[in-house]
Amino acid sequence: RRPGHPSSQDFPVRSRSHADCLGPAAVDTENVHVFSRRKFTIDCYLANIDDNRMGFTGIDYAVLAVFLACNVFLGTWLGRGQKTINEYFLAGKRVPMWAISLSIVATETSSLTFIGAPAIAYTGNLTFLQLAFGYIIGKLLVSFLLMPGYFKGEIQTAYQLLQARFGRAVRTVASVLFLTTRGLSDGVRLLATGLVLAAITDMTDLTTMAIIGLITIVYTYFGGMRAVIWTDVVQLFIYLAGAIVAFFLLLDKIPGGWAEVTAVAAPLNKFQILDFTFDVSRTFTFWAGIVGGAFLTFATHGSDQMMVQRYLASGSKRDSQVALILSAIIVFFQFVLFLVIGVMLFAFYRHFPPAQAIRQADQVFPLFIVNHMPTGLSGLVVAAVFAAAMSTLSSCLNSLSSATTNDFYRVYLVPQASDAHYFRMSRFFTLIWGAILVAVSMLARNWGSVLLAGLTIQSITMGSILGIFLLGMGRRARQSAALTGMIAGLATTLFVHFSGWVALTWYTLIGTSVTLGVGWLVSRATRLFGQNEQD
79 RRPGHPSSQD FPVRSRSHAD CLGPAAVDTE NVHVFSRRKF TIDCYLANID DNRMGFTGID
139 YAVLAVFLAC NVFLGTWLGR GQKTINEYFL AGKRVPMWAI SLSIVATETS SLTFIGAPAI
199 AYTGNLTFLQ LAFGYIIGKL LVSFLLMPGY FKGEIQTAYQ LLQARFGRAV RTVASVLFLT
259 TRGLSDGVRL LATGLVLAAI TDMTDLTTMA IIGLITIVYT YFGGMRAVIW TDVVQLFIYL
319 AGAIVAFFLL LDKIPGGWAE VTAVAAPLNK FQILDFTFDV SRTFTFWAGI VGGAFLTFAT
379 HGSDQMMVQR YLASGSKRDS QVALILSAII VFFQFVLFLV IGVMLFAFYR HFPPAQAIRQ
439 ADQVFPLFIV NHMPTGLSGL VVAAVFAAAM STLSSCLNSL SSATTNDFYR VYLVPQASDA
499 HYFRMSRFFT LIWGAILVAV SMLARNWGSV LLAGLTIQSI TMGSILGIFL LGMGRRARQS
559 AALTGMIAGL ATTLFVHFSG WVALTWYTLI GTSVTLGVGW LVSRATRLFG QNEQD
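In case it helps, the working numbering puts the sequence shown at residues 79 to 613.
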């Protein structure tokens, strides 16, 4: 038992017969699947949450159906009149700053955040917030170091800058890396959402994945980036409303209210935020949060097409900078809300132990939703889970289509065609990627322990992509140096991941550092031996 962490008997285990429920493993926040380095199978998601649950009623299904129908209507309505890829991918560069900011928040908040963040606090404390501090630093770095470059010319994708600096090969490799990692990781996130929703509702995981996939594909296909951003805004309010409802309902149901939450949680250090332990194998420490979290966000928000599209959609560098910095503040308080819900769930289950043992930490919030929320409100909160999933998926689809159209189709296949032709192909690629993501989510059901690798692959690859962008800020590196550095960064991060030596939060820093270091050395060697390179 670590000092300051609750012991196994502090958790709501009904009896000693439940040997497979949360016990000693629950004391370590690093065992929560979203950031864990340990292997797990998807079977834990499919376990029954509670034999005596009230279930999802007809009213709940009606609330969910209205929400889904409104998404389709809003998306198709917003897409009317679009005829160019500038409108389809960048919303005509006329999106207001505040909408860009809220869309960024919605996009980076998946259903795993909605379910996983409370689980982290339930099994541990609030040390996850150290990552949120790092996220703020990372967004400031993006705003002032990388974002100005995106507004120096007319571009559609982030990787066009790499061609201008290094050559077409680097642009192609970076875009392939983005397409592969984004397609794989978001397909797996769709699976995780489907499994959670299957546990909450009476639907199967295949049904929930199909519903999320189909609805999102439809409104993204017709509405493009304009639909993605404005549905993001609506979905953000939906899932925040769901979280706020859960907060006040918990406050009402816990005997003694907030005073009781404090009385239960404070002696166990569940309100602890800072941990200055220097241990690279631990995920939630001050150093991992500030340094690792900053570099992770620097990469995901500075060199990922899904985020860069939003900056370009504003049409103004200043608006994009303000939007990104504002999103950092909103995300921080959003994490506070979800983590506090986790602490409140801990106090709640001390008074009202579940009828069946909690087999996996991510069950704690869904269990409360299905068993203790009034009819109708359950539907709202489940709609919030759908909203969190759909906001991320729609952004992913549009960015994948954009990279495919602009970095490959227009470059290698049909370089001289009308804008109307590229617009039609953009919609076609949206359908193709939608089918691929749904297929990945269904195939991943059989991956077992490989599921965790799918969830963490973005951290493995983004460091190398960020390293190339930073290498390009200098004037001496050439294409061979960039490609060699990228390969070295990827190989090193993969080795570190499978060796299990360090926590996930350090991956991006490692990949970035190796890419920069090797790229610089190759560049120096090239100049030293007088080799001329034609880009």
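For glycine and all other residues, C-beta sits at the position ideal for the given N, C-alpha and C.
The structure presented is a predicted model; accordingly, all values stated were derived computationally and were not measured.
- If you look at ASP283, you'll find it in the alpha helix (DSSP H) that goes 283-331.
- The beta carbon of LEU572 sits closer than 7 Å to those of ILE538, all from its chain and outside the five residues before and after it, given in chain order.
- Of the residues GLY393, ILE351, GLY245, ASP382, the one whose Cα lies closest to the Cα of LEU224 is ASP382.
- ASP397 sits away from ARG249, with the two beta carbons spaced by 8 Å or more.
- A residue is called buried when at least 16 other Cβ atoms come within 10 angstroms of its Cβ; ALA517 does not meet this threshold and is exposed.
- The beta carbon of TYR200 is closer than 7 Å to those of GLY420, LEU423, PHE424, ALA439, VAL442 in its chain, skipping five residues each way along the sequence.
- Each residue's CA atom was taken as its position, placing GLY202 and SER253 some 38 Å apart.
- Just so you know, the alpha carbons of THR309 and ALA603 end up roughly 50 Å apart.
- DSSP places LEU475 inside the alpha helix (DSSP H), whose first and last residues are 455-482.
- Its Cα nearest to that of ARG172, the residue GLN387 stands out among ARG437, PHE446, ILE436, GLN387.
- Separation of the CB atoms of MET303 and PHE501 is rounded to 12 Å, and the pair is thereby denied contact status at 8 Å.
- For VAL248, the enclosing alpha helix (DSSP H) has its first and last residue at 246-278.
- Exposure of TYR490 is indicated by the presence of fewer than 16 other C-beta atoms within 10 angstroms of its C-beta.
- Runs of the alpha helix (DSSP H) lying entirely within the segment 168-207 and spanning at least 4 residues, in chain order: 175-186, 189-201.
- The beta carbon of LEU240 sits closer than 6 Å to the beta carbons of VAL248, ARG249, ALA252 from its chain, once the five residues preceding and following it are set aside; these are given in chain order.
- With contact defined as three or more Cβ pairs closer than 8 Å, the segment 270-280 and the segment 185-196 are in contact.
- Boundaries of the alpha helix (DSSP H) around PHE145: 136-156.
- Secondary structure at ASN164: helix, using DSSP grouped into helix, strand and coil.
- Scanning PRO444, ALA401, GLY552, GLY545 for the CA closest to the CA of VAL183 turns up ALA401.
- Residues SER504, PHE507, THR508, TRP511 of the same chain have their beta carbon placed closer than 7 Å to that of SER479, with the five preceding and five following residues left out of the count.
- DSSP places TRP579 outside both helix and strand once states are collapsed to three, so it counts as coil.
- Within the model, the alpha-carbon separation for LEU209 versus ALA377 is close to 14 Å.
- Taking a contact to require three or more Cβ pairs closer than 8 Å, the segment 492-500 and the segment 279-296 do not qualify as touching.
- The three-state secondary structure of MET422, taken from DSSP, is helix.
- Under the criterion of beta carbons closer than 8 Å, GLY157 and GLY301 qualify as touching, at roughly 4 Å.
- For THR562, the CB contacts under 7 Å within the same chain, skipping 5 residues up- and downstream, are VAL596, GLY597, VAL600 in chain order.
- Counted as a single uninterrupted DSSP element, the alpha helix (DSSP H) harbouring PRO444 occupies residues 442-450.
- In this chain, the alpha helix (DSSP H) harbouring ARG388 covers 383-392.
- A residue is called buried once 16 or more other Cβ atoms fall within 10 Å of its Cβ, and ALA566 is buried on that count.
- The three-state reading of DSSP puts GLY545 in helix, counting H, G and I together.
- Exclusion of the five residues before and after LEU257 leaves LEU478, ALA481, THR482 as the residues of its chain whose Cβ lies within less than 8 Å of its Cβ.
- Contact fails between the segment 227-244 and the segment 408-417, because fewer than three Cβ pairs, one in each stretch, are under 8 Å apart.
- The beta carbon of VAL220 is closer than 7 Å to those of PHE376, HIS379, GLY380, LEU402 in its chain, skipping five residues each way along the sequence.
- The C-beta distance from LEU417 to VAL323 rounds to 17 Å, too long to fall under 8 Å, and the pair is not in contact.
- Residue range 238-243 is occupied by the alpha helix (DSSP H) that includes GLN238.
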